[in-house]
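Colleague: Heads up, the final residue of the sequence shown is numbered 344 in UniProt numbering, and it's a clean run with no missing numbers.
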Amino acid sequence: MLEQLPVLLLPWFAEHRRDLPWRRDREPYHVWLSEIMLQQTRVEAVRGYYLRFLERLPDIAALASAPEDVLLKLWEGLGYYSRVRNLQKAAQCVMEQHGGEFPRELSAIRALPGIGDYTAGAIASICFEAPTAAVDGNVLRVILRLTVCADSPADVRVRRRIGESLSAIYPAGHCGDFTQALMELGATVCLPNGAPQCEVCPLRSLCEAHAQGTELQFPTKPPKKPRRIEQRTVFVLQCGDRLAVCKRPSRGLLAGLWQLPDVPGKLETAEALRQAEQWGVHPTGIVKTAERTHIFTHVQWDLRGVWLTCAAEAPQFTWADENALQHEIGLPTAYRQFLDLHAE
């Protein structure tokens, strides 16, 4: 069955491929950057980030030498900030170990920080026409439905087995297009949950799940673990035209990123004022309070935001004006969402 995929998918992809900025060339830096950005992030959300990132850091050398605050600001709002830190570590490896030239061999690509089997396969096939499959969630879904395979998509052995089966049928001279065709089919046609568009799928004549009417049973889904819920109070401390920010701990969630000051638990107004007084900012008034929620993969933050005007800039904080907050300091969305409280 799988050996028929290139014949069916390549003409379909040529006609239906989306015009995405990272598909306009096969420069390894561009493909690599897009694949890292697209991990757990929607295509439409990535477009603007991708173009802004390349405008500021146009090549691997620029990425390797960029200050961390510049990197984090460019990544602000994309989340999973370890991705951009690993991106820079890998760029530094390319500069130091490969003379600034992105490696062509799969093993060398795979050895770079932050690059796993999927990303290495994507880069090797798209940029260097290597017959190496890139098996992400979209590709897994396509193959598991085609073959009515009930194996868990979370099992790394299943991913590797499918990757080996696909790599064996890669068409010489069209490896990059075949990789992208598989991705495109899963992203636009063989959709998850209740939305597969079987009537326009170029593989519907092969698909065993479609023949059985069991598309929605594949891939099988392991039971979800409940998210841990944490409560926090976030402070917007305003002194004149500047707001207080600080760095998060170097380990743990959002490690080393800028944040608004916060404390565990949801503080009542009087408690929040006492906390601010303990910091030495001498609060003079409450501008606004609000409730927000921010969801990470395994943790949910239930947040209470408190905007206070202050009489003193306590030295344990960095005090940033609007220009710095907009152009220099990258705040994760969990905190940045409170900067508009006064406008509500």
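Where a beta carbon is used, it is the ideal one built from N, C-alpha and C, also for glycine.
Which runs of the beta strand (DSSP E) at least 3 residues long sit entirely within the segment 162-218? Give them in chain order.
Modeller: none
Colleague: Curious, which full-length alpha helix (DSSP H) runs of at least 4 residues does the UniProt domain "HhH-GPD" (37-188) contain?
Modeller: 43-56, 60-65, 68-75, 82-97, 106-110, 117-128, 137-146, 156-167, 175-188
Colleague: Let me check you understand the geometry: is the CB of Leu71 closer than 8 Å to at least one non-hydrogen atom of the ligand ADP?
Modeller: The ligand content of the structure shown is nil, which means the ligand ADP is not present either.
Colleague: Where are the alpha helix (DSSP H) runs, 4 residues long or more, that stay fully inside the segment 315-344, in chain order?
Modeller: 322-327, 333-336
Colleague: Does His298 come out as helix, strand or coil in the three-state DSSP assignment?
Modeller: coil
Colleague: Would DSSP call Glu230 helix, strand or coil?
Modeller: strand
Colleague: Do the segment 264-279 and the segment 200-220 touch if we need at least three Cβ pairs shorter than 8 Å?
Modeller: no
Colleague: How many whole angstroms separate the CB atoms of Cys246 and Val281, which I take to be in contact at a CB cut-off of 8 Å?
Modeller: The Cβ separation is near 12 Å, so there is no contact.
Colleague: Where does Glu15 sit, in a helix, a strand or coil, going by DSSP?
Modeller: helix
Colleague: Leaving aside the five residues before and after Cys127 along the sequence, list all residues of the same chain whose C-beta is less than 6 Å from its C-beta, in chain order.
Modeller: Arg26, Pro28, Val31
Colleague: Considering only C-alpha positions, which residue in the set Val139, Thr269, Arg159, Arg336 is nearest to Thr293?
Modeller: Arg336
Colleague: Please name the residue in Trp12, Thr309, Ser152, Trp319 whose C-alpha comes closest to that of Lys221.
Modeller: Ser152
Colleague: In angstroms, rounded to a whole number, what distance separates the CA positions of Gly285 and Leu273?
Modeller: 9 Å
Colleague: How is the beta strand (DSSP E) around Arg242 delimited, first residue to last?
Modeller: 242-247
Colleague: Exposed or buried, what is Val84 when buried is set at 16 or more other beta-carbons lying within 10 Å of its beta-carbon?
Modeller: Of the residues assessed, Val84 falls on the buried side of the cut-off, its CB having 16 or more other CB atoms within 10 angstroms.
Colleague: Using a Cβ distance threshold of 8 Å, determine whether the segment 112-132 contacts the segment 29-48, with at least three qualifying pairs required.
Modeller: yes
Colleague: Helix, strand or coil, according to DSSP, for Pro6 in the structure here?
Modeller: helix
Colleague: Whole angstroms is fine: what's the gap from Asp69's alpha carbon to Arg145's?
Modeller: 44 Å
Colleague: Nearest-angstrom Cα distance between Arg23 and Glu328?
Modeller: 30 Å
Colleague: Do Leu72 and Leu63 have their C-beta atoms within less than 9 Å of each other?
Modeller: no
Colleague: What number of angstroms, rounded off, separates the C-alpha of Trp319 from the C-alpha of Ala312?
Modeller: 11 Å
Colleague: Under 9 Å between the Cβ atoms of Arg227 and Val299?
Modeller: yes
Colleague: To the nearest whole angstrom, what separates the beta carbons of Ile60 and Ala91, a pair I think is in contact under 8 Å?
Modeller: 5 Å
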